[in-house]
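Numbering (the UniProt record's numbering), first residue to last: 1 to 149. Glycine included, every Cβ here is placed at the ideal spot set by N, Cα and C. Predicted model only: the values in this text are computed from it and were never measured.
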Amino acid sequence: MRDLVDRYGWALQFVDGDRVRSPWAYTVGLVRYGLPEFVVTGWEPERAGSLLNDTAHGVACHDERWEPGQQFRLADDTRVEVVELSRPDVHLTTAALLFPEERLRALQLVWSDGRRRWPWSARFNDRRGGQPVLGPRSARGTYRKPSRS
1 MRDLVDRYGW
11 ALQFVDGDRV
21 RSPWAYTVGL
31 VRYGLPEFVV
41 TGWEPERAGS
51 LLNDTAHGVA
61 CHDERWEPGQ
71 QFRLADDTRV
81 EVVELSRPDV
91 HLTTAALLFP
101 EERLRALQLV
111 WSDGRRRWPW
121 SARFNDRRGG
131 QPVLGPRSAR
141 GTYRKPSRS
């Protein structure tokens, strides 16, 4: 993993789901540049990896900045809201172990279901769940494009 981070600037860690837990994925290595890591829960690796790589590229290469409460839309019209993780060291163990000297911060990219409902809605995903949210929702919750520093 460290070799991938050294070569490309970041890597992706995938965690398989099972009958009880949803799959999830996160970036590893952005913390070296003083940037937050990003997390997606409940999506298969290909889709999660695409969103994570696009987001990591934006922050690492184009100075995009995301804050809790910001929302955006994907090309397929899925809405995404940024949520800050309460305990990133607990959920992003690979990043925490590889970079123990860095202050780890992480943002979850929380997605809406096909009916534009969020996981904090009781009717999200027709009550099937599937997307753990790893931090509190920001009160802001507004659509904004990423800011540039």
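Cβ separation of residue i and residue j, assumed to be a contact under 8 angstroms, to the nearest whole Å
i, j, result
"LEU107", "LEU92", "Actually they do not touch by this definition, with Cβ atoms about 11 angstroms apart."
"GLU102", "ARG32", "7 angstroms"
"VAL39", "VAL5", "Their Cβ separation, rounded to whole angstroms, is 16 angstroms, which puts VAL39 and VAL5 out of contact at 8 angstroms."
"GLU59", "VAL83", "The sequence shown places Val at residue 59, not Glu. At roughly 16 angstroms, the Cβ-Cβ gap does not stay under 8 angstroms, so VAL59 and VAL83 are not in contact."
"THR78", "SER121", "The pair is not a contact, with the Cβ atoms about 15 angstroms apart (cut-off 8 angstroms)."
According to DSSP, residues forming a beta bridge with residue i
i, result
"LEU12", "THR27"
"VAL80", "PHE72, TRP111"
"ALA106", "GLU37"
Segment limits, alpha helix (DSSP H) that includes residue i
i, result
"LEU98", "93-98"
"VAL20", "Unbroken run through VAL20: none, as it is neither H nor E."
"VAL59", "45-61"
Spatial distance of residue i from residue j (CA atoms)
i, j, result
"residue 191", "PRO119", "Because the chain here runs from 1 to 149, residue 191 falls outside it and cannot be looked at."
"THR41", "PRO132", "6 angstroms"
"ALA11", "ASP89", "17 angstroms"
"GLN71", "ARG47", "18 angstroms"
"ASP3", "PRO68", "30 angstroms"
"ASN125", "THR94", "29 angstroms"
Run of the beta strand (DSSP E) containing residue i, from where it starts to where it stops
i, result
"VAL39", "37-41"
Cut-off 6 angstroms between Cβ atoms - residues of its own chain near residue i, not counting five sequence neighbours on either side
i, result
"PHE14", "ALA25, PRO45"
"SER138", "PRO68, GLY69"
Close-in-space but distant-in-sequence residues of the same chain around residue i (CB under 7 angstroms, 5 per side omitted)
i, result
"GLY49", "LEU12, ALA25"
"GLY135", "VAL83, GLU84, LEU85, SER86, GLN108"
"THR55", "PHE38, LEU109"
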